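Numbering (the UniProt record's numbering), first residue to last: 1 to 150.
Note that beta-carbon positions come from the ideal geometry of N, C-alpha and C, so glycine has one too.
The structure presented is a predicted model; accordingly, all values stated were derived computationally and were not measured.
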């Protein structure tokens, strides 16, 4: 099996572990010094700040699990080249507070070192994500309008 196919399978295994809420299995896929960064507005979603190391990444994943009862992934595209895997993901989160489903499309880039994920970079449509999490249109807030249109 080529390194590309193996790393592709490793990413799918990691995503499956996260979806099953098996954080120990997910963290075992990562190097001790794993570096994680999501391009998201941390002033609205502070738990999505950068994470360095398994402890911080585990705390991030535990926070996500505390807020969402279910996480599902679709992987429309996944491409591997050497120690890098790029995946286009559609992720579904079911909020614990009201069972509302949040759907987010993201591009995620994984870098491997010695067979483990050493770096994760996520790019998300943060405007759409914030609207779904807050359950309201944020456009008026951005341009300084009140919610009632005045």
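- Residue range 53-67 is occupied by the alpha helix (DSSP H) that includes residue 63, with no beta strand (DSSP E) assigned at that position.
- In the three-state reduction of the DSSP assignment, residue 10 falls in the helix class, which pools H, G and I.
- Contact between residue 110 and residue 85 holds: their C-beta atoms lie close to 4 Å from each other, under 8 Å.
- Residue 107: member of the beta strand (DSSP E) spanning 101-113, first to last residue.
- The C-beta separation of residue 71 from residue 93 comes to about 6 Å, placing the pair in contact by the 8 Å criterion.
- Note on residue 7: 16 or more other CB atoms within 10 angstroms of its CB, so buried under the neighbour-count rule.
- Taking residue 77 as the centre and dropping the five residues before and after it, the same chain places the C-beta of 88 closer than 6 Å to its C-beta, in chain order.
- Take residue 27, set aside five residues on each side of it, and the residues of its chain with a beta-carbon closer than 6 Å to its own are 54, 58, in chain order.
- For residue 28, the enclosing alpha helix (DSSP H) covers residues 23-28.
- The Cβ atoms of residue 120 and residue 104 do not sit closer than 9 Å to each other.
- For residue 40, no beta strand (DSSP E) segment is defined, and its DSSP state is neither H nor E.
- Counting only residues of its own chain and dropping the five nearest sequence neighbours on each side, residue 62 has a CB closer than 8 Å to the CB of 23.
- Closest option to residue 74, judged by alpha-carbon separation, among 15, 2, 9: 15.
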